[in-house]
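*Asks:* Chains as they are written, first to last, in our numbering: chain A, 692 to 1125; chain B, 4 to 104; chain C, 8 to 176.
For every residue, glycine included, the Cβ atom is placed at its ideal position computed from N, Cα and C.
After the structure tokens below, expect a handful of questions from me.
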Amino acid sequence: MPGFITNYLDKSVQMTPGQYGSPFWALVYILLVFGGVSLAVVCMNWLERKILAHMQIRLGPMRVGPHGLMQPIADAIKLILKEDIIPEGADRFVFWIAPMIILLAVFSVYTVVPFGPAHAITDMNIGILFMLGVSSLGVLGIVMAGWASNSHYPLIGALRSSAQMVSYEVAMGLAVISAVLMTSLNAQGTGTLSMIGIVQAQYAQHVWFIFKFFPLGLIAFFIFAVAMVAETNRAPFDLPEAESELTAGFHTEYSGLRWSLFMLGEYGAMIAVSSIAVTLWLGGWMRPFPNLLGGPTWELAFSFFPALTFFGLAGLTFFSTMRMPKHSFFRIQTIGLGAFGAVFALIGVVLLLPPVSSRVQDIYWFIFKIAVFMYLYIWYRGTFPRYRFDQLMKVGWKILLPMGIGVLVLTGIVALRTELWDFMHEALRRLVHV
Amino acid sequence: MAPITTIHYLVVAAALFVLGVIGVLTRRNVVIVLMSVELILNAVNLNLVAFSRIWGLHGQVFAIFVITDAAAEAAVGLGILIAFFRNKETVNVDEIDLLKW
Amino acid sequence: MEPVATTFFFYLLSGLAILSGVLVITRKNPVHSALALILTLLCLAGLYLMLYAPFVAGVQIILYVGGIMVLFLFVIMLVNLERSQKEKQFNQQWVPGILAAVALGVLFVTIYIKGDALFVRPEMRFPEAENTQQIGQMLYSNYMFPFEIASLLLLVAIIGAVVMAKKRI
Chain A
692 MPGFITNYLD KSVQMTPGQY GSPFWALVYI LLVFGGVSLA VVCMNWLERK ILAHMQIRLG
752 PMRVGPHGLM QPIADAIKLI LKEDIIPEGA DRFVFWIAPM IILLAVFSVY TVVPFGPAHA
812 ITDMNIGILF MLGVSSLGVL GIVMAGWASN SHYPLIGALR SSAQMVSYEV AMGLAVISAV
872 LMTSLNAQGT GTLSMIGIVQ AQYAQHVWFI FKFFPLGLIA FFIFAVAMVA ETNRAPFDLP
932 EAESELTAGF HTEYSGLRWS LFMLGEYGAM IAVSSIAVTL WLGGWMRPFP NLLGGPTWEL
992 AFSFFPALTF FGLAGLTFFS TMRMPKHSFF RIQTIGLGAF GAVFALIGVV LLLPPVSSRV
1052 QDIYWFIFKI AVFMYLYIWY RGTFPRYRFD QLMKVGWKIL LPMGIGVLVL TGIVALRTEL
1112 WDFMHEALRR LVHV
Chain B
4 MAPITTIHYL VVAAALFVLG VIGVLTRRNV VIVLMSVELI LNAVNLNLVA FSRIWGLHGQ
64 VFAIFVITDA AAEAAVGLGI LIAFFRNKET VNVDEIDLLK W
Chain C
8 MEPVATTFFF YLLSGLAILS GVLVITRKNP VHSALALILT LLCLAGLYLM LYAPFVAGVQ
68 IILYVGGIMV LFLFVIMLVN LERSQKEKQF NQQWVPGILA AVALGVLFVT IYIKGDALFV
128 RPEMRFPEAE NTQQIGQMLY SNYMFPFEIA SLLLLVAIIG AVVMAKKRI
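Here's what the structure looks like:
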């Protein structure tokens, strides 16, 4: 095997391929991340329809495959086979390039997402700055998609959507700065913008940043959580693309494969901003209580979690296989569902093997936390009513921005004077007791 | 091929600068003139960052200030353009001559 | 960490930047010009990365491409007239304009040929892992005064832009 492949696999190399300088392995990681995100988008499509349906006391897709499991595949085939309509008078070049710019922006963010201490494509010195900057390139794609469609619904939808995204980017930036400020409380007194460095700062300070300087970390996380939902145009901030509002907003005139590119971009952006939130506040790839419950026995206990998750999923699948109707029409579906459950069980068994289990820990916990965020996204969509546009802008500028500035100033003061923090805590305690 | 030295970056910056100057001097659309001014500012930035490799980080700090000022100037310039467009319905530099006697 | 394929990426990025620069000044449709300018800015961000300036590259992407170009696209959409695209695109003094620019280019080339001996200092290679930290320390020690003035400038620009774009003050 040539040197450029095996040199990186040496045990002593604990760096990402980008830092090590190996283009081959960087390419392998890029393909893995690309495939993983695409698979995640397909799963999200099915999960969203099923979970939303169950929240609304209905069943969702049940026909195409057992429990609608083949529905995303059927949707993909339908979208590929649809006619590609370009509206008359539309600027063909800009119409063609707009979904590509959105996808470019969304997928470039994944270059610095840290799945583990050495499991990222690269670790830039400006990691979080790069992620925020590149995700703001998506606004350009939306503006161009709306403008190039030569029709008023997409134009108004694009203007509203881009105004909303730009407004909530400011609040996001302030929340991110207050989290980065917390990374500077180490021995050298210098913080870091690199994503892997931020998680390692949380490990060194023995606390997830969401719990640091309670409640400042929590408020910063809350601001970011609200702003990230608005940034990705999801409910309750989905006025620009909701069906009953502006037909479909900026992607009204797009049909077939081009529209599916927009959907890919939207779900990809959701996963990207969730990964920012997980890295900055929720400890990234660390398992719960890495310092408090340390030691080899706890490591062993926590290392069973990936396998247990897949065994749980396999159990659920077998349970619903049992509950399938006992009719000859459903035989194929029952067998398919059973095979699906068997695949889950097989993956669980593979994850029990020691060489796999020791490598997959970081990635598992990171993906688990992102899955929690995806569930929260779907939960918000099923629960909250939609914001009107002026209410949306009011929340972004008049509520989140002052809150963000306040959190930033307070975090700065508190980080500098921890004694002041203890004093305030004591005063509050006395006030509450009175 | 020869290794890439500072002169290579300076030549690229000079080319972008000349392109920006041509754009400012020859186009009639005000928005494109403003975009050519942005080209000029970016050429200057490239020069600053290329020299900061030799003389220290001051070049990069100054480049950040140039980017900030370019943002402020673009915002004000486009505000003026919108205010003028509301009055005269044109974006032609030849027709923006209200102060001509 | 050794850089990979520097020559190839330099020629690719700078060629693309100059090509899009030409497209910026020659396109009839202002939206196409704006797209070409976005491509130029992104290529320049790549060149900054090659010059070991990752923070400037990040700031360029966030501010220039993600902020200023979005502003430009909004304004182009607001003032875009079909009529303006059918008129002549170049003004009447285009010949003296190009001659002046070419003279400027000749001046640059002369300076670079004559002054080649000035660039004999060896190029430093800053450790990339500390670029942001060092820029931050410089901003808050040597350049604190310009830093505060820049924030004041941005405040004035915000108020000015809002006042000028309003219909009734």
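So which of A:Ile967, A:Gly1073, A:Leu722 and A:Tyr958 has the shortest CA-CA distance to Ile889 (chain A)?
*Replies:* A:Ile967
*Asks:* Where does Phe1035 (chain A) fall in DSSP's three states?
*Replies:* helix
*Asks:* My understanding is that Val36 (chain B) touches Val96 (chain B), with C-beta atoms under 8 Å, so please give their C-beta distance in whole angstroms.
*Replies:* Between the beta-carbon of Val36 (chain B) and that of Val96 (chain B) there is about 7 Å, and that keeps the pair under the 8 Å contact cut.
*Asks:* If you draw a straight line from the alpha carbon of Met8 (chain C) to that of Gly712 (chain A), how long is it in whole angstroms?
*Replies:* Confidence at Met8 (chain C) is low in this model, with a pLDDT of 49, below 50, so the placement of that residue is unreliable and no value is reported for it.
*Asks:* For Phe725 (chain A), which residues from the same chain have a beta carbon less than 6 Å from its beta carbon, with the 5 sequence-adjacent residues on both sides left out?
*Replies:* None.
*Asks:* In angstroms, rounded to a whole number, what distance separates the CA positions of Gly864 (chain A) and Ile69 (chain C)?
*Replies:* Spanning the two alpha carbons is a distance of roughly 11 Å.
*Asks:* Do Thr874 (chain A) and Ala849 (chain A) have their beta-carbon atoms positioned less than 8 Å apart in this structure?
*Replies:* no
*Asks:* For Thr1012 (chain A) and Gly1032 (chain A), which I take to be in contact (beta-carbon distance under 8 Å), what is that distance rounded to the nearest angstrom?
*Replies:* 6 Å
*Asks:* Using Cβ-Cβ distances below 8 Å, what residues of the region 810-823 of chain A are close to chain C?
*Replies:* Met815, Asn816, Ile817, Leu820, Phe821 and Leu823
*Asks:* Starting from Arg89 (chain B), follow its DSSP beta bridges and name the residues at the other end.
*Replies:* Arg89 (chain B) pairs with nothing; no bridge assigned.
*Asks:* Would you say Leu44 (chain C) and Val31 (chain C) are within 8 Å of each other, going by their C-beta atoms?
*Replies:* yes
*Asks:* Just to check, is the beta-carbon of Ile1061 (chain A) closer than 7 Å to a non-hydrogen atom of the ligand HEM?
*Replies:* Summarising the ligand content, the structure contains no ligands, and the ligand HEM is consequently not present.
*Asks:* Measure from the C-beta of Trp787 (chain A) to each C-beta in chain C and report whether the shortest distance is under 8 Å.
*Replies:* no
*Asks:* Taking DSSP as the reference, what is the three-state secondary structure of Asn149 (chain C)?
*Replies:* coil
*Asks:* Taking the straight line between their C-alpha atoms, what separation do you get for Arg56 (chain B) and Gln141 (chain C)?
*Replies:* 14 Å
*Asks:* Roughly how many angstroms lie between the CA atoms of Ser148 (chain C) and Leu106 (chain C), to the nearest whole one?
*Replies:* 45 Å
*Asks:* Would the beta-carbon of Leu58 (chain C) fall within 8 Å of that of Val69 (chain B)?
*Replies:* No, they are not a contact pair.
*Asks:* Assess, as a yes-or-no matter, whether the region 1017-1037 of chain A is touched by the region 1064-1076 of chain A under the definition of 3 or more beta carbon pairs within less than 8 Å.
*Replies:* no
*Asks:* Rounded to whole angstroms, what's the CA-CA distance from Leu20 (chain C) to Ala854 (chain A)? Just pull it up for me.
*Replies:* 31 Å
*Asks:* In the DSSP assignment, find the unbroken alpha helix (DSSP H) run with Lys121 (chain C) in it and report its ends.
*Replies:* In this chain, the alpha helix (DSSP H) harbouring Lys121 (chain C) covers Trp101 to Lys121.
*Asks:* Please check the pair Leu49 (chain C) and Val72 (chain C), which I expect to be a contact at CB under 8 Å, by giving their CB distance rounded to whole angstroms.
*Replies:* 6 Å
*Asks:* Starting from the C-beta of Phe1080 (chain A), find all residues in its chain whose C-beta is less than 7 Å away, skip the five residues before and the five after it, and write them out in chain order.
*Replies:* Arg851 and Leu930
*Asks:* With 8 Å set as the bound, which would you pick, yes or no: does the beta-carbon of Thr117 (chain C) sit closer than that to a beta-carbon of chain B?
*Replies:* no
*Asks:* Note down the Cα distance separating Ile914 (chain A) from Ala136 (chain C), rounded to an integer number of angstroms.
*Replies:* 29 Å
*Asks:* Residues in the same chain with beta-carbon distance under 7 Å from Leu973 (chain A), minus the five sequence neighbours each way, listed in chain order, please.
*Replies:* Trp899, Ile901 and Lys1060
*Asks:* Put Phe941 (chain A) into one of helix, strand or coil per three-state DSSP.
*Replies:* In the three-state scheme derived from DSSP, where H, G and I count as helix and E and B as strand, Phe941 (chain A) is classed as helix.
*Asks:* With the cut-off set at 8 Å, would you say Val800 (chain A) and Met822 (chain A) are in Cβ contact?
*Replies:* yes
*Asks:* Measure how close the beta-carbons of Phe904 (chain A) and Thr1102 (chain A) come, nearest whole angstrom, since I'm counting them as under 8 Å.
*Replies:* 6 Å
*Asks:* If the cut is a Cβ gap below 8 Å, which residues of chain C does Leu84 (chain B) touch?
*Replies:* Val82 and Val86
*Asks:* Less than 8 Å between the CB atoms is what I'm expecting for Gly832 (chain A) and Ala781 (chain A), so what's the real figure, rounded?
*Replies:* Going by Cβ atoms, the distance from Gly832 (chain A) to Ala781 (chain A) rounds to 15 Å, so no, they are not a contact pair.
*Asks:* Identify every residue that forms a DSSP beta bridge with Asn32 (chain B).
*Replies:* B:Asn95
*Asks:* Give the residues of chain B in contact with Val68 (chain C), contact being defined as C-beta atoms less than 7 Å apart.
*Replies:* For the record, residue 68 (chain C) in the displayed sequence is Ile; it is not Val. Within chain B, no residue comes near Ile68 (chain C); the closest Cβ sits about 10 Å away, beyond 7 Å.
*Asks:* Please list the partners that Gly104 (chain C) has in chain B, where partner means a Cβ-to-Cβ separation under 7 Å.
*Replies:* Ile25, Leu28 and Thr29
*Asks:* Any beta carbon from chain C within less than 8 Å of Thr697 (chain A)'s own beta carbon?
*Replies:* no
*Asks:* Three or more C-beta pairs under 8 Å: does that hold for the region 940-955 of chain A against the region 989-1003 of chain A?
*Replies:* no
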